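What follows is a set of notes on a single structure, which appears directly below.
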Amino acid sequence: MEFPGNFRKYIFLLVIVIIFGLFIFYRLPARKEIYAETRFFMDTTVTVKVVGEQKMAERAIEQAFKTMQEWAGRLDRFNSGSTVWRINHSGGEGTRVDQELLILLKKGKDYAALSKGAFDPTVAPLVDLWGFGQDEQRVPRVGEIERVLSRIDYEKLSLDFVNHQVFLPAFMEIDLGGMAKGFIIDKGIETLLALGVESAYINAGGNIRVLGNKAPGHPWRIGIRKPREPGKIFQRYILALNRGSLATSGDYERYFTFNGVRYSHLLDPRTGYPAREMQSATIYAENALEADILSTAVFVSGWDEGKRLIESLEGVEGFLVRENEVWMSKGLEKYLY
Ligand code: ADP
Ligand code: MG
22 MEFPGNFRKY IFLLVIVIIF GLFIFYRLPA RKEIYAETRF FMDTTVTVKV VGEQKMAERA
82 IEQAFKTMQE WAGRLDRFNS GSTVWRINHS GGEGTRVDQE LLILLKKGKD YAALSKGAFD
142 PTVAPLVDLW GFGQDEQRVP RVGEIERVLS RIDYEKLSLD FVNHQVFLPA FMEIDLGGMA
202 KGFIIDKGIE TLLALGVESA YINAGGNIRV LGNKAPGHPW RIGIRKPREP GKIFQRYILA
262 LNRGSLATSG DYERYFTFNG VRYSHLLDPR TGYPAREMQS ATIYAENALE ADILSTAVFV
322 SGWDEGKRLI ESLEGVEGFL VRENEVWMSK GLEKYLY
């Protein structure tokens, strides 16, 4: 079959254009997009988002989860054989731990002192007495609470940085539930940074840390939940971040009600009862560990003490909610969207 001369010319041109097009396409810098993955661990959903070229982003997300899940295993007191489990079952003997865990426990003790015991990593027996972390919760009797309170005291947790050992009296137990998520997010971010990631977001059950902008000129936007209106956020207080961390402790996710009273999992180790002055405490801080600890510490400290604690700390901001009232620290304004 003979093609007319003109038609042949067009086919030829088309082939040239396709070859040229393919050439340009493959020479173009790889497109940057947001890659995200969510997994369930630490009793909550954990989302990692990385902005970048596909291969690099997917590899980075995988690595971040690997690091975070390893740490989650070590810090879980219900995971028999974990580092924290070994400390809790040491019967008062020293437990060998690595430097990083010592530093984490030191942080816990420091903030316990700073919050005058509102935050206390040795709160485990009280958490168990109320049944949080188990299937059924109940209001304990006064006598039971008194007995358990005598087993809570962060000052009795002693750390030996020379021999890398932790000592905890046999009648005590630690619970890192108020700080583990923040620590683990920081580990995830460190992993991403080491792989050259410049733009990322990690959220573990309301504890968030971001790295860089989401897209050039567009920071990550984060809403704060309304404690009594599920699914709604405070529209006037949306935050825009290209660094730093946010954590919220609230009484609206883990709680039970009995005789019309709400009992949340944020327990005051000084009274033995759930803290009741606030509905939520959101903290901004440079790293996720500090934000996580402080959200719990401020919530338990209560409205006035909580505000004072926020204002006493450099680089720390807060947003507190109680019935019919919100309070925002002055410095949070610059992060408002
Ligand atoms: P969430 O885990 O819901 O994000 P938090 O970060 O505030 O909230 O941590 C709450 C957990 O911290 C509880 O489940 C418990 O394990 C632990 N916890 C409760 N009260 C205290 C406290 N006063 N000090 C330290 N840890 C606490
Ligand atoms: Mg916390």
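Numbering (the numbering used here), first residue to last: 22 to 358.
Built from N, CA and C at the ideal position, the CB exists for glycine as well.
Here the structure is a predicted model, which means the values were calculated and not measured.
{"Asked": "What is the DSSP secondary structure of SER333, counted as helix, strand or coil?", "Found": "helix"}
{"Asked": "Quick one: complete alpha helix (DSSP H) runs, 4+ long, within the region 123 to 153?", "Found": "145 to 151"}
{"Asked": "Classify GLN120 as helix, strand or coil using the three-state DSSP reduction.", "Found": "helix"}
{"Asked": "For ASP97, I'd like the list of residues in its chain whose CB is within less than 7 Å of its CB, leaving aside the five on either flank, ordered along the chain.", "Found": "SER103 and VAL105"}
{"Asked": "So PHE86 and ARG60 are supposed to be a Cβ contact under 8 Å. How far apart are they, rounded?", "Found": "6 Å"}
{"Asked": "Give the secondary structure of ARG242 by DSSP, where H, G and I count as helix, E and B as strand, and everything else as coil.", "Found": "strand"}
{"Asked": "Out of GLY227, TYR31 and GLY94, which one is the CA nearest neighbour of SER301?", "Found": "GLY227"}
{"Asked": "Work out the CA separation of GLU167 and LYS76 for me, nearest whole Å.", "Found": "56 Å"}
{"Asked": "Express the C-alpha separation of TYR284 and GLU298 in angstroms, rounding to a whole number.", "Found": "12 Å"}
{"Asked": "So, is HIS286 buried or exposed, given that buried needs 16 or more other C-beta atoms within 10 angstroms?", "Found": "buried"}
{"Asked": "Please report the residue range of the alpha helix (DSSP H) in which MET89 lies.", "Found": "75 to 96"}
{"Asked": "Which residues in the same chain as LYS53 place their Cβ atom closer than 7 Å to its Cβ, once the five residues preceding and following it in sequence are excluded?", "Found": "VAL72, GLY73 and GLU74"}
{"Asked": "Scan the region 267 to 328 and note each continuous beta strand (DSSP E) run of 3 residues or more that stays entirely inside, going in chain order.", "Found": "276 to 279, 282 to 285 and 301 to 306"}
{"Asked": "What do you reckon, are the CB atoms on GLY209 and THR317 nearer than 8 Å?", "Found": "no"}
{"Asked": "Going by DSSP, what residue range makes up the beta strand (DSSP E) through LEU260?", "Found": "260 to 262"}
{"Asked": "Can you say whether VAL183 is buried or exposed, counting buried as having 16 or more other CB atoms within 10 angstroms of its CB?", "Found": "exposed"}
{"Asked": "If we ignore side chains and look at the alpha-carbon of each, how far apart do LYS137 and GLY323 end up?", "Found": "12 Å"}
{"Asked": "Is ALA133 near the ligand MG, with its Cβ less than 7 Å from a heavy atom?", "Found": "no"}
{"Asked": "For ILE108, I'd like the list of residues in its chain whose CB is within less than 7 Å of its CB, leaving aside the five on either flank, ordered along the chain.", "Found": "THR116, VAL187, LEU189 and ILE195"}
{"Asked": "Let me confirm a value: ARG329 is counted as buried when at least 16 other C-beta atoms fall within 10 Å, else exposed. Which label applies?", "Found": "exposed"}
{"Asked": "Counting along the chain, where does the beta strand (DSSP E) carrying PHE340 start and finish?", "Found": "338 to 343"}
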